[in-house]
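Input: a single structure, listed below in structure tokens.
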Amino acid sequence: MTSPLIRYPDTTLVLPPVYCGSIRYYAAMAMYGAVTIDTQRRFNKRAKECHRCTIEGANGVQRLTVPLEKPTEWHSTRVCDMKVSSHGDWWHVHWGAIFSAYGRTPFFEYYADDLMPAFSGDIDSLVELDAAIDRFCRNALGINPREVTLDDATSTLPQMRDVEYYQIWASRYGFTPGLSVLDLIFNMGPEAPLVLKAMQP
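In the working numbering, the protein residues as written are 40 to 240.
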């Protein structure tokens, strides 16, 4: 069955790998019939999305960063070559932050067991870590584009609307846009795809 979110069934969207990607990232992905995650691109130290995300908890907006091992040569290193560092048992810190932020949301208990294995500390490849979380997010959102090669593809993301949805901390901070899609999933559950639809241009 074709997703009602798809607007470009015959076009492939090229996306970078991301860590707990943004709502806009998944709203864009949902519009295309096929997607390829470009793990062969050169690693850019300034492009933090592949190992950093933003959530919101009791103390406001929080940025979570996965520590990476320093490659031998930055200029020739691809994203697929990057390794995750075990520094500071970061996976415990991140899962604790996610639990603290979303443990009382309406749908956290429903989804938590499916997401938790990505934070076991057993994954040492950045691409594999991002892919494990991406699979969870796609399943939770009902997004299932075909995985294809780079042929006949676009890397231009459409302009998305900001759409307000229920956020557990809104009574304290007001609505906060631009968060990780985990915020949408845990707060809205099965209604999350409706938000993605409303964001489409």
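Backbone N, C-alpha and C define an ideal beta-carbon position, used for all residues, glycine too.
This one's a predicted model, so the numbers in the text were calculated from it and none came from an experiment.
Where DSSP assigns a beta bridge to residue i, which residues make up the other side?
{"i": "residue 116", "result": "The partner list for residue 116 (beta bridge, DSSP) is empty, contrary to what the question assumes."}
{"i": "residue 73", "result": "51, 185"}
So, helix, strand or coil for residue i, using DSSP?
{"i": "residue 125", "result": "coil"}
{"i": "residue 163", "result": "coil"}
{"i": "residue 132", "result": "helix"}
{"i": "residue 99", "result": "strand"}
{"i": "residue 107", "result": "strand"}
{"i": "residue 224", "result": "helix"}
I'd like to confirm something about residue i: is its beta-carbon nearer than 8 Å to some heavy atom of the ligand HEM, or not?
{"i": "residue 117", "result": "Of ligands this structure carries none, so the ligand HEM is not represented either."}
Please classify residue i as buried or exposed, where buried requires at least 16 neighbouring CB atoms within 10 angstroms.
{"i": "residue 159", "result": "exposed"}
{"i": "residue 184", "result": "buried"}
{"i": "residue 133", "result": "buried"}
Roughly how many angstroms separate the alpha carbons of residue i and residue j, rounded to a whole number?
{"i": "residue 128", "j": "residue 90", "result": "15 Å"}
{"i": "residue 80", "j": "residue 150", "result": "31 Å"}
{"i": "residue 51", "j": "residue 215", "result": "30 Å"}
{"i": "residue 186", "j": "residue 77", "result": "11 Å"}
{"i": "residue 121", "j": "residue 141", "result": "29 Å"}
{"i": "residue 178", "j": "residue 218", "result": "19 Å"}
{"i": "residue 117", "j": "residue 221", "result": "26 Å"}
{"i": "residue 162", "j": "residue 224", "result": "23 Å"}
{"i": "residue 85", "j": "residue 212", "result": "29 Å"}
{"i": "residue 239", "j": "residue 200", "result": "7 Å"}
{"i": "residue 123", "j": "residue 93", "result": "19 Å"}
Please report whether the beta-carbon of residue i lies at a distance below 9 Å from any beta-carbon of chain C.
{"i": "residue 51", "result": "You won't find chain C in this structure, because it holds only one protein chain."}
Okay, do the stretch 50-60 and the stretch 163-180 touch, 3+ Cβ pairs below 8 Å being the bar? With the cut-off at 8 Å, the stretch 50-60 and the stretch 163-180 touch.
Can you find at least 3 beta carbon pairs, one from the stretch 66-73 and one from the stretch 41-50, that sit closer than 8 Å? Touching, yes, given that three or more Cβ pairs across the two stretches are closer than 8 Å.
At least 3 beta-carbon pairs within less than 8 Å: the stretch 105-120 vs the stretch 136-152: Three or more Cβ pairs closer than 8 Å define a contact, and the stretch 105-120 falls short of that threshold against the stretch 136-152.
Evaluate the contact criterion for the stretch 221-232 versus the stretch 100-109: three or more CB pairs, one atom per stretch, below 8 Å. The stretch 221-232, when compared against the stretch 100-109, does not touch it at the 8 Å Cβ threshold.
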